[in-house]
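The structure appears right after this line, and notes come after that.
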Amino acid sequence: MIAAAALAASFTLASAEQRTGGAVAIDADDIGGVVTSAKGPEAGVWVIAETSDLPTKFARIVVTDDQGRYVVPDLPRAGYQVFVRGYGLVDSPRVAARPGQRLDLEAVVAPDARAAAQIYPANYWLSLMEIPVGDVSDKDMLLETKACYSCHQVGDAATREVSKNLGSYTSSLDAWDHHVAVGPNGPGMTANFKRMGAQRKAYADWTDRIAAGAYPPPPPRPAGVERNVVISLWDWALPTSRRTDVAATDDRTPTMNANGLVYGSIQSSDIIAVLDPHENTAAEIRVPSNAPPIDADTTASPFWGDEKIWKRSADPRSVTMDGRGRVWVTARIRAPQQQPAFCKDGSTNRFAKYFPLPGPSARQIEVYDPRTKQFTTIDSCFAADHNHFDDKGRIVFGQNNALGWIDTAAFDKTHDAAASQGWCPAVLDTNGDGTITEWTEPNQPIDPAKDHRIEFGCYGDAINPIDGSVWCSGIGVRDTKLVRFELGANPPQTCKAEVYVPPPDKMPLPGSGGVAIDSNGLVWQNWRGAHQMLSFDRRKCKVLNGPTATGQQCPEGWTVYTKP
């Protein structure tokens, strides 16, 4: 499903004031009322209205106020099933309703704490796992568990309960060894699991304890402004789809495409999913590809059997939108090894002469034009992944030791992929002269008389609105780098990089992920699976270049924030 959450200005306490006689004020397209249970009004519980009457399944969710009042606002005309869910409750019976109807609801108090816990967030259940002492450190055990998060909410019912459909086994550990081996990603899950060695028994002990009656403590109910949030959900894509990146506007002009279509790249299904949130319709666009198929010989699934639900060629991963409403998607247009000659050593291309990219490159670029309903492919030397547009009309990518970009104006004019793209390696100004000249390679020691190239990953990138610099956050487990690029006036010769790494005491669970930059130029870095988010303020740094500027030169720039 795709979700849109917004602070609901129309759902304030003022607009939900009771009318004479205690009725909640509603419009013709709202459903509203009061939620009570045997304990009286229920505050901070969810009221969920869902329907299958529209072209795609739709739900809208709100939270009750201190007096148990609610309004589900601005509903599409349809018949709805409405029910109450909340901490300390079990789901109430569904009640039929239509927009314009006042509907008081009876919440059902959970008969016991274990019954109430069935709807608690997955991480509350996961917190019951006890990490044993062994060869694998606590951090590494957690990191291996977080690797599952790409596809699973570890701690939900499907993971905390070992299904009897998996068969009969001699022990819970034996069941877990089989549990992680099935399905299209079975080999990958098994590899992660086996890396834990004997300590993987923690999973079996965890599910055994839950089966014996263990449950987590209750979370707090929504309070304060949390109760003003309205969540809308639509079904889209395919039942077998797993990973989505979404674009609905040009980030540089957020009002562009207002009230328009939403596009999602669905990696496992070779499609762009399309949602019209006003007409409540969903569609799929097949992404073309000449690449050989992947995941064509995966293990059987208990649910899907031998069907190859993730067999695909395009493997579309990231999607963004330009100022003309075109959708740019990173996808496989060819085999990764078929790197164009203009990328390689010996080419006359100025970027290849400066820093050749022999490949392989996992994904390239496709552009979908909603007006013509046609795709245009762009072969790239760099492996295209997450991306952003800068203020010069370049769409910037990064992944395999090179920050790459497409000059969209040049491509629109010439349709020449080679002439429209560029890339830069990450070379640090370690000799401190302010420019990049001869450099040492990553496997060589720092030479104070030369600059130095580093290897880096770029899972996420962001553009600083203050100075136009591009920042890259590393790729996953144990990659702690934050790399800053200046492209300069004449790249690649004017490209210059800086690297920053958090001090060990500010990095409780290493593994970087996303990065964003606020309007003040402050860089925010998300850490995979950690309860911390880090900010980095380059303005506080005393050292920006020179032989010591190799990562740990600016501990004063980092601040740690703990997530709720």
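Numbers in my numbering are just positions in the sequence shown, counted from 1, shifted up by 2.
Ideal placement from N, C-alpha and C gives every residue a C-beta, glycine not left out.
Only a predicted model underlies this, so the values are computations on that prediction, with no experimental measurement involved.
Locate the beta strand (DSSP E) running through residue i, then write down its first and last residues.
i: Glu146; result: No beta strand (DSSP E) holds Glu146; the alpha helix (DSSP H) holding it covers Asp140 to Lys148.
i: Tyr535; result: The sequence as given places Met at residue 535; Tyr does not occur at that position. From DSSP, the beta strand (DSSP E) with Met535 extends over Gln534 to Phe538.
i: Ala61; result: Phe60 to Val65
i: Ala499; result: Lys498 to Tyr502
i: Arg87; result: Tyr82 to Arg87
i: Leu484; result: Leu484 to Glu488
i: Ala117; result: Note, Ala117: premise wrong, no beta strand (DSSP E); alpha helix (DSSP H) at Ala115 to Ala119.
i: Ala386; result: Neither: Ala386 is in no beta strand (DSSP E) and is coded neither H nor E.
i: Ala1; result: The chain is shown from 3 up to 566; residue 1 falls before or after that span and cannot be answered.
How would you label residue i, buried or exposed, when you count the other beta carbons within 10 angstroms and need 16 or more for buried?
i: Gln340; result: exposed
i: Glu368; result: buried
i: Asp418; result: exposed
i: Ala551; result: buried
i: Arg202; result: buried
i: Pro566; result: exposed
i: Gly513; result: buried
i: Trp560; result: buried
i: Asp114; result: exposed
i: Gln376; result: exposed
i: Ile477; result: buried
i: Lys483; result: buried
i: Tyr563; result: exposed
i: Gln446; result: exposed
i: Val276; result: buried
i: Glu228; result: exposed
i: Thr300; result: buried
i: Pro279; result: buried
i: Ser139; result: exposed
Rounded C-beta distance between residue i and residue j? I'm assuming under 8 angstroms.
i: Phe538; j: Gln555; result: With a Cβ gap of about 12 angstroms, Phe538 and Gln555 do not count as contacting.
i: Pro218; j: Trp127; result: 6 angstroms
i: Trp208; j: Met131; result: 4 angstroms
i: Ser320; j: Val331; result: 7 angstroms
i: Ser471; j: Glu488; result: 6 angstroms
i: Ile335; j: Thr378; result: Wrong, their Cβ atoms sit about 10 angstroms apart, outside the cutoff.
i: Ala293; j: Ala337; result: 6 angstroms
i: Ile133; j: Ala204; result: 6 angstroms
i: Asp31; j: Gly81; result: 14 angstroms between Cβ atoms; not a contact.
i: Gly516; j: Gly462; result: 4 angstroms
i: Arg104; j: Ala51; result: Arg104 to Ala51, Cβ: 13 angstroms. No contact.
i: Trp236; j: Asn282; result: 7 angstroms
i: Arg486; j: Ala499; result: 7 angstroms
i: Asn466; j: Gly523; result: 5 angstroms
i: Tyr502; j: Gly553; result: 6 angstroms
i: Ala112; j: Leu91; result: 6 angstroms
i: Arg365; j: Asp317; result: 7 angstroms
i: Gly434; j: Gly548; result: 4 angstroms
i: Ala99; j: Ile33; result: 5 angstroms
i: Cys426; j: Pro494; result: 5 angstroms
Report the partner residues of residue i according to the DSSP bridge assignment.
i: Gln376; result: Asp371
i: Ala409; result: Checking the sequence shown, residue 409 turns out to be Asp, not Ala. DSSP lists Arg396 as partners of Asp409.
i: Tyr563; result: Met535
i: Tyr72; result: Gly35
i: Leu107; result: Val37
i: Asp278; result: Thr283
i: Pro295; result: The partner list for Pro295 (beta bridge, DSSP) is empty, contrary to what the question assumes.
i: Leu91; result: Val111
i: Pro43; result: Thr38
i: Gln366; result: Ala333
Start and end of the alpha helix (DSSP H) containing residue i?
i: Ser39; result: Element bounds for Ser39: not the alpha helix (DSSP H) but the beta strand (DSSP E), Ile33 to Ser39.
i: Phe353; result: Arg352 to Tyr356
i: Tyr126; result: Ala124 to Leu128
i: Thr283; result: Run containing Thr283: none in the alpha helix (DSSP H); it sits in the beta strand (DSSP E), Thr283 to Arg288.
i: Ser422; result: Ala419 to Ser422
i: His390; result: Not the alpha helix (DSSP H): His390 falls in the beta strand (DSSP E), residues Asn389 to Phe391.
i: Ala98; result: Ala98 -> not in any alpha helix (DSSP H); beta strand (DSSP E) instead, spanning Val97 to Ala99.
i: Ala551; result: Segment: none, Ala551 is in no alpha helix (DSSP H) and carries neither H nor E.
i: Ala160; result: Ala159 to Arg162
i: Ala404; result: It is not in any alpha helix (DSSP H) - Ala404 carries neither H nor E in the DSSP assignment.
i: Asp176; result: Ser174 to His181
Taking only runs that begin and end inside the segment 189-276, name each unbroken beta strand (DSSP E) of 3 or more residues, in chain order. 231-236, 246-249 and 264-268
Would you list, in sequence order, the uninterrupted alpha helix (DSSP H) runs of no fewer than 4 residues that lie entirely inside the segment 426-482? none
Which runs of the beta strand (DSSP E) fall wholly inside the segment 303-352 and span at least 3 residues, in chain order? 321-323 and 329-333
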